[in-house]
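Residue numbers (this note's numbering): 436 to 505.
This is the structure we're talking about:
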């Protein structure tokens, strides 16, 4: 009977080890996803800011004098 209990304990240990590893893996995947999502948001914000800067430069640029027929 003692051997059976020992085997049962080993199975429980294996199960809980697997369970903890699985939860850690899921947490890491969620963390990776969040990091990637945040990085994409930052890239998007930088792209929007860059587009605004370029638009502002284009607006500030003096008109092309060769096309003016004054």
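For glycine and all other residues, C-beta sits at the position ideal for the given N, C-alpha and C.
Compute the Euclidean distance between the alpha carbons of residue i and residue j, then round it to the nearest angstrom.
i           : j           : result
residue 484 : residue 476 : 12 Å
residue 490 : residue 496 : 10 Å
residue 442 : residue 467 : 37 Å
residue 492 : residue 473 : 29 Å
residue 445 : residue 459 : 21 Å
residue 464 : residue 452 : 18 Å
residue 471 : residue 482 : 16 Å
Reducing DSSP to helix, strand and coil, say where residue i ends up.
i           : result
residue 496 : coil
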